[in-house]
Amino acid sequence: MKAHIIILPKKAVLDPQGKTVRGALEHLGYTGITEVRVGKFIEVELAEGDRETARRQLDEACHRFLSNPVIEDYHLEILD
Numbered sequence: 075m076k077a078h079i080i081i082l083p084k085k086a087v088l089d090p091q092g093k094t095v096r097g098a099l100e101h102l103g104y105t106g107i108t109e110v111r112v113g114k115f116i117e118v119e120l121a122e123g124d125r126e127t128a129r130r131q132l133d134e135a136c137h138r139f140l141s142n143p144v145i146e147d148y149h150l151e152i153l154d
């Protein structure tokens, strides 16, 4: 099994890196882009086992270590 974790700044948090990327894209002629948010993508290989246990463990890891829940949101997906 694999897990994909996407971590992004919360909407209410200023994202200077995303703002810089949006400005650079606009400067290069890419129009119509209204917002860019820059985050992290983490792929985790899992031993075969109980999906729900894996989800609980990774959810805890995301909350305690992989993300900062004060300023970031995360999305966790377990794949086959």
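Mind the numbering: the sequence shown is residues 75 to 154 in the working numbering, read in order. Heads up, the beta-carbon is just placed ideally off N, CA and C, and yes, glycines get one too.
Name the residue from the options whose alpha carbon lies nearest to the alpha carbon of residue i.
i: Leu150; options: Gly123, Phe115, Gly103; result: Phe115
i: Gly113; options: Thr105, Ala121, Asp89, Val144; result: Asp89
i: Asn142; options: Glu126, Ile81, Ala77; result: Ile81
Tell me the rounded alpha-carbon separation between residue i and residue j.
i: Val87; j: Thr108; result: 16 Å
i: Ile79; j: Val118; result: 8 Å
i: Asp154; j: Arg125; result: 9 Å
i: Ala77; j: Arg130; result: 12 Å
i: Met75; j: Leu102; result: 40 Å
i: Arg138; j: Ile152; result: 18 Å
i: Val144; j: Leu99; result: 29 Å
In its own chain, which residues sit with a C-beta less than 8 Å from the C-beta of residue i, not counting the 5 before and 5 after it?
i: Cys136; result: Ile79, Ile81, Tyr148, Leu150
Whose C-beta lies closer than 6 Å to the C-beta of residue i among residues of the same chain, with five residues either side of it excluded?
i: Val110; result: Gly92, Val95, Arg96
I believe residue i touches residue j by the beta-carbon criterion, under 8 Å. Please report the beta-carbon distance rounded to the nearest angstrom.
i: Glu134; j: Lys84; result: The pair is not a contact, with the Cβ atoms about 20 Å apart (cut-off 8 Å).
i: Leu120; j: Ala128; result: 5 Å
- Item | Segments assigned alpha helix (DSSP H), at least 4 residues, entirely inside the segment 81 to 118 | Listed in chain order, they are 90 to 101.
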